[in-house]
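Listed in order, the protein sequences are those of chains P and S.
FYI, in the numbering used here the residues of the first sequence are 1392 to 1656.
FYI, in the numbering used here the residues of the second sequence are 357 to 698.
Positions of the beta carbon are idealized from the N, C-alpha and C atoms, including for glycine.
As the structure is a prediction and not an experimental result, all values here were calculated from the model.
Comments concern the structure below.
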Amino acid sequence: MSTQPAPGQPRQPLDVKAVPFGDSALMVSVAADDDEARQAGSRRLREILLEVQPHGLLDVVAGVDSLLVEFDCLAISHDQLAQTVRLAAAGSGAGTAGHAHGSEHFVIPMVVNEAFAPDLADVATELGISPEAVLGHLEASVLSINLLASAMAPMMGRVQFPGQVSRCREPRTNVDAGSVMVAGTNAIIQPFPGPTGWKVIGRTPLTICDIRENPPTSYKPGDTVQFSVVPESEWEKLQGQFLRAARGQSAAAPASSATATEREN
Amino acid sequence: MSAAERSVTLEVRENAWLATFQDLGREQSEALGVPCGGAADQHSASVANILVGNPRAATSVEMMGGRFAFDTSQPVLIAVTGTPADVTVNGNEVPMWEPVCIPANARVVIGNARHGMRNYLAFGGTLVTERFMGSASPEARMGFPQQISAGQRLELLTRYTGFEHPFLTQPLFRLPVPIPSFEQPVWTVDIVEGPETDAAPGIRELLASREYTVTAKSNHVGLRLDGPVVHPEGLGEIVSHGVPIGAFEIPHGDELIILGRYRTLTAGYPIVAFATKASLPMLGQARPGQRMAFRWVANDAAVESHHEAQRLLHALEERVQSLFGALDLPHGAIPVPAPAAA
């Protein structure tokens, strides 16, 4: 028999691990027993660091369950920065998770056909369900953007799949922009053409990142996303539109998704 | 002579193999998934700007291979740094690593680069170009190539109107310029240990004792080197995590990758060493065929080398500022105590 803390009870303070990564960076993570807790801890740490902006901090690269903290080694040492991170973590609500204020919701239309979803059948086979069920699980999941990966790609969790999706044995050398891809129980959208080992199960006609926009993406870590499969006939109308949040006037979001948006808000 | 700023047009005649606008890179962009980018050889790019009285992080031209040439109808102040090359003004050879006063109606040619990979051309004043996330540095994948081609006209905003010394036709600049040496057949690169150094038994000794050769598969994402490697054991799957510039990765094949400024920000390969911050500019100059040796140093020594390099840049900045002040040349640098980019 085990005891669980009552809901709403404050969690333990974050147990911060910090390892030097060269003379000007520190690999920071949160010691925890399970993947979820480590990932949530590192998301929380990231928010804290970007808010506190420790002296000498240059940039932060989010990994799946860690943060690379880059710093000016003439301004601060590994030990000093590690201590600052621990103090900041200890002084910030004892590790309470939860999203920062102002998180937004996005409904992202996607088209599924043979050319856009070359791995859908594979994913279905691996999960032991039908391709329709794969898409059903994806559409039913309210995903959270955990981090912006290469070229501002939104890396999202957690898709309510009944199991883990493996990566391609041979990574593809070039996947088109807009491709909706899954691996493990994560989803990601390819913002620009490029290589990937993730499985491609659809494509959005929207432009999700455009360097002529300021900022180049409307989304940020902590925002929520739902996918909505739309008929191929919608493609032309939506193609190239810049993705914006669902609230307010969202020309891109099909009417059927409005209920999902409201439920979220 | 501190005249008002005016616009000068520079006509590009030859564009080298690749010439781009460049600066020291983006700040705080990696948290958003955009690599910092910036000059591969940050030392040479900084010195070029310092020598023409610019802030270190001003926009310059980074070029690789072949010949780069431009014409100017107005006087401009330039400096060329980086790997040894031939620089001529109207056919007359002029020195690198010095401010050079270019007269009106001149053609400047930079070519025959040897040993290293890149040259930097800075102009006193501001090169007009677009910016992405605050930087002129290319980000080709995201649609920001910043490439400069023959026939292109570059706009320079400058307060420089020419310089004539009453006693000397050739102005004498005796400046303490820290010029790296690119001529040795084997470059020595300082390294500190990485998280998987101990998981690869023998890698310490190999890196310390053997030579490695840069291969043609290298690019701005990373240098790839031929040489003996040991694959770390018993690590299991490494979850994707952030990787700093200068990380020594051992991929599945028998090669060594040293990540550059345009690296993919996260990776899951074992890291057996990191180049020190002070050795990154040399790595940014390595061309295929370059042989390298590695030297393990303690973290304190790595920080001290970076400190020394920054001290030399700062000393140069101060000398240039007082020289330009004495000669009434325009100087746009404001003293910046902190380094400008990662």
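Sequence-distant residues of its chain with Cβ nearer than 7 Å to residue i (five each side left out)
i	result
LEU1449 (chain P)	GLU1461, PHE1462 and ASP1463
PRO1658 (chain P)	Absent from the model: residue 1658 (chain P). The displayed extent of chain P is 1392 to 1656, so no value can be given.
GLU361 (chain S)	LEU513, THR514 and ARG515
PHE1507 (chain P)	GLY1593 and ARG1594
ASP610 (chain S)	VAL585
PRO532 (chain S)	ALA671, LEU672 and ARG675
PRO1606 (chain P)	none
ASN461 (chain S)	SER429
ASN1504 (chain P)	GLU1623
PHE538 (chain S)	THR439, PRO440, HIS471, GLY472 and GLN641
Cβ-based neighbour list, residue i, same chain, cut-off 6 Å, excluding 5 preceding and 5 following
i	result
THR482 (chain S)	LEU513
ARG470 (chain S)	PRO440
VAL1410 (chain P)	MET1418
GLY1569 (chain P)	ARG1594 and THR1595
LEU683 (chain S)	none
GLY640 (chain S)	ALA396 and ASP397
VAL1452 (chain P)	LEU1459
THR1487 (chain P)	With a pLDDT of 46 at THR1487 (chain P), under the threshold of 50, the modelled position of this residue cannot be trusted; read the value that follows with caution. No residues qualify anywhere along the chain.
GLN677 (chain S)	HIS687
ALA603 (chain S)	LEU615, ILE627 and PHE630
ASP1406 (chain P)	ALA1422
Partner residues on chain S for residue i, Cβ-Cβ distance less than 8 Å
i	result
MET1418 (chain P)	PRO551, HIS597 and GLY598
ALA1542 (chain P)	GLY389, VAL390, ARG497 and MET498
ASP1450 (chain P)	GLU383, GLN384, SER385, GLU386, ALA387, CYS392 and ALA698
VAL1556 (chain P)	The contacting residues do not exist; VAL1556 (chain P) stays about 15 Å from chain S at best.
LEU1458 (chain P)	GLY598
GLU1427 (chain P)	Near GLU1427 (chain P) there are no residues of chain S at all, since even the closest Cβ is about 13 Å away, more than 8 Å.
Proximal chain P residues relative to residue i, where beta-carbon distance stays under 7 Å
i	result
PHE650 (chain S)	Near PHE650 (chain S) there are no residues of chain P at all, since even the closest Cβ is about 14 Å away, more than 7 Å.
GLN503 (chain S)	Residues of chain P passing the Cβ test: none, with the nearest at roughly 15 Å.
LEU612 (chain S)	Simply none; closest approach about 16 Å.
LEU621 (chain S)	VAL1452 and SER1541
ALA488 (chain S)	Looking at the sequence shown, residue 488 (chain S) is not Ala but Phe. Near PHE488 (chain S) (Cβ distances below 7 Å), the residues of chain P are ILE1602.
Sheet register partners of residue i (DSSP bridge)
i	result
CYS457 (chain S)	S:LEU433
PRO1411 (chain P)	P:LEU1417
PHE1462 (chain P)	P:LEU1448
LYS1685 (chain P)	Examination of residue 1685 (chain P) is not possible in this model, given that chain P is present from 1392 through 1656 alone.
VAL464 (chain S)	S:PHE426 and S:VAL445
PHE1497 (chain P)	P:VAL1616
TYR476 (chain S)	S:GLU418 and S:THR437
THR482 (chain S)	S:LEU513
ASP1426 (chain P)	None; ASP1426 (chain P) has no bridge partner.
VAL364 (chain S)	S:LEU512
LEU374 (chain S)	S:MET420
SER1535 (chain P)	P:GLY1548 and P:THR1615
GLN503 (chain S)	S:THR376
LEU581 (chain S)	S:VAL570 and S:LEU612
PHE680 (chain S)	According to DSSP, which records beta bridges pairwise, PHE680 (chain S) is partnered with nothing at all.
GLY1527 (chain P)	Per DSSP, none; premise fails for GLY1527 (chain P).
ALA1515 (chain P)	Looking at the DSSP assignment, ALA1515 (chain P) forms no beta bridge with any residue, so it has no partner.
SER491 (chain S)	S:PHE488
Chain-order list of residues whose beta-carbon lies under 8 Å from that of residue i (same chain, five-residue window excluded)
i	result
GLU486 (chain S)	ALA492, PHE500 and GLN502
ILE434 (chain S)	VAL408, PRO455, VAL456, ILE458, VAL464, LEU477, ALA478, PHE479 and GLY480
LEU621 (chain S)	GLU386, GLY389, PRO391, GLY598 and VAL599
ALA1636 (chain P)	GLU1495, HIS1496, PHE1497, SER1609, TYR1610 and ASP1614
MET648 (chain S)	VAL542, TRP543, THR544, VAL545, GLU567, TYR568, THR569, VAL570, LEU581 and ALA642
ASN1565 (chain P)	PRO1584, GLY1585 and PRO1586
GLY1489 (chain P)	The predicted position of GLY1489 (chain P) is uncertain, since its pLDDT is 48 and thus under 50; no value can be drawn from it.
GLU1530 (chain P)	GLN1617, PHE1618, SER1619 and VAL1620
VAL577 (chain S)	LEU615, GLY616, TYR618, ARG619 and THR620
Any non-hydrogen atom of the ligand GTP within 7 Å of residue i CB
i	result
PHE1462 (chain P)	The ligand GTP is not part of the structure shown, which contains no ligands of any sort.
Where residue i meets chain S, residues with beta-carbon distance less than 7 Å
i	result
CYS1464 (chain P)	LYS633, VAL659 and HIS662
Beta-carbon neighbours of residue i, restricted to chain P and to distances below 9 Å
i	result
VAL548 (chain S)	PRO1411, GLY1413 and ASP1414
Neighbouring residues, chain P, relative to residue i (Cβ below 8 Å)
i	result
GLY602 (chain S)	GLY1413
ASN655 (chain S)	PRO1411, ASP1414 and HIS1469
Interface residues of chain S facing residue i [CB-CB closer than 9 Å]
i	result
PHE1583 (chain P)	ARG497, MET498 and GLY499
GLU1523 (chain P)	Within chain S, no residue comes near GLU1523 (chain P); the closest Cβ sits about 30 Å away, beyond 9 Å.
### Task
Give, in chain order, every unbroken run of the alpha helix (DSSP H) that is at least 4 residues long and sits entirely within the stretch 594-647 of chain S.
You should have 636-639.
### Query
For the stretch 623-643 of chain S, which residues have a beta carbon sitting closer than 8 Å to at least one beta carbon of chain P?
ILE627, PHE630, ALA631, THR632 and LYS633
### Message
Ignoring anything shorter than 3 residues, give me the beta strand (DSSP E) runs that lie fully in the stretch 519-579 of chain S, in order along the chain.
### Response
542-549 and 568-570
### Task
Anything in the stretch 657-685 of chain S with a Cβ closer than 7 Å to a Cβ of chain P? List those residues in chain order, please.
ALA658, VAL659, HIS662, HIS663 and GLN666
### Query
If contact means a Cβ-Cβ distance below 8 Å, which residues of the stretch 1431-1455 of chain P contact chain S?
ARG1437, LEU1441, LEU1449, ASP1450, VAL1451, VAL1452, ALA1453, GLY1454 and VAL1455
### Task
Determine which residues of the stretch 1579-1604 of chain P have a Cβ less than 9 Å from any Cβ of chain S, and write them out in chain order.
PRO1582, PHE1583, PRO1584, GLY1585, CYS1600, ASP1601, ILE1602 and ARG1603
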